[in-house]
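Visitor: Residue numbers (my numbering): 1 to 147. Dropping a structure here in structure tokens format, bear with me for questions.
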Amino acid sequence: SDQYSLYFAGSTTLFNALLMKCLEREVMALCRYTARRNTPPRFVALVPQEEEVDEQKVQIAPPGFHIIFLPYADDKRNVDFTEKVPASQEQVDKMKEIIQKLRFKYRTDSFENPVLQQHFRNLEALALAMTEPEQAEDLTSENYWWV
Numbered sequence: 001s002d003q004y005s006l007y008f009a010g011s012t013t014l015f016n017a018l019l020m021k022c023l024e025r026e027v028m029a030l031c032r033y034t035a036r037r038n039t040p041p042r043f044v045a046l047v048p049q050e051e052e053v054d055e056q057k058v059q060i061a062p063p064g065f066h067i068i069f070l071p072y073a074d075d076k077r078n079v080d081f082t083e084k085v086p087a088s089q090e091q092v093d094k095m096k097e098i099i100q101k102l103r104f105k106y107r108t109d110s111f112e113n114p115v116l117q118q119h120f121r122n123l124e125a126l127a128l129a130m131t132e133p134e135q136a137e138d139l140t141s142e143n144y145w146w147v
């Protein structure tokens with residue numbers, strides 16, 4: 001038997017029994033989770049999810065558990081919330097104007113694939129015996145929009 005096998009005899013039955021009991025009792029399981037060897041364990045909550053099907057008996061959500069990573073004590077912090085400061089009508093109007101300017105009709109042919117463009121530049125440099133290809137400009141990069 002393979003030592004890296006994730007299947008153990010009866011594991012499916014055990015999983016289903018745990019899921020059914022958690023759903024029945026409306027509880028979650030607290031566990032120690034180690035993602036892989038040589039990584040520190042994390043505390044997690046296993047939150048059960050019941051199978052959901054629609055009217056035609058098509059599965060919408062599978063049965064199982066959601067893994068929620070729990071914070072350590074030093075991950076928690078107290079935030080002093082000050083009073084709520086509502087936005088003025090002028091600020092609201094200005095924000096609406098900004099959002100309106102951000103909207104545009106998206107067309108796939110408006111943006112070139114940067115990886116493909118770089119590939120074409122590499123081929124061009126090879127065909128023309130250039131020492132180095134030109135760098136393709138990535139118009140989809142967030143760095144481009146902030147410049």
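Note that CB positions come from ideal geometry on N, CA and C, so glycine has one too.
1) Would the beta-carbon of Met-28 fall within 9 Å of that of Ala-45?
2) At 3 residues or longer, and completely inside the stretch 43-130: list those beta strand (DSSP E) runs for me, N to C.
3) Closest to Gln-49 by C-alpha separation, out of Ile-67, Asn-38, Pro-40 and Lys-57, would be which residue?
4) In whole angstroms, what separates the C-alpha of Glu-134 from that of Lys-96?
5) At which residues does the beta strand (DSSP E) containing Ala-17 begin and terminate?
6) Taking the Cβ atom as the reference point for each residue, do Ala-129 and Gln-118 lie within a distance shorter than 9 Å?
7) Looking only at DSSP bridge pairs, what is Ala-136 linked to?
8) So, Glu-51 versus Pro-40, is the Cβ gap smaller than 9 Å?
Guide: The short version:
1) yes
2) 59-61 and 64-69
3) Ile-67
4) 40 Å
5) Careful: Ala-17 lies outside any beta strand (DSSP E), inside the alpha helix (DSSP H) at 11-25.
6) Taking a C-beta distance under 9 Å as the contact criterion, Ala-129 and Gln-118 do not qualify as a contact pair.
7) Bridge partners of Ala-136: none, in fact.
8) The answer is no: Cβ separation not under 9 Å.
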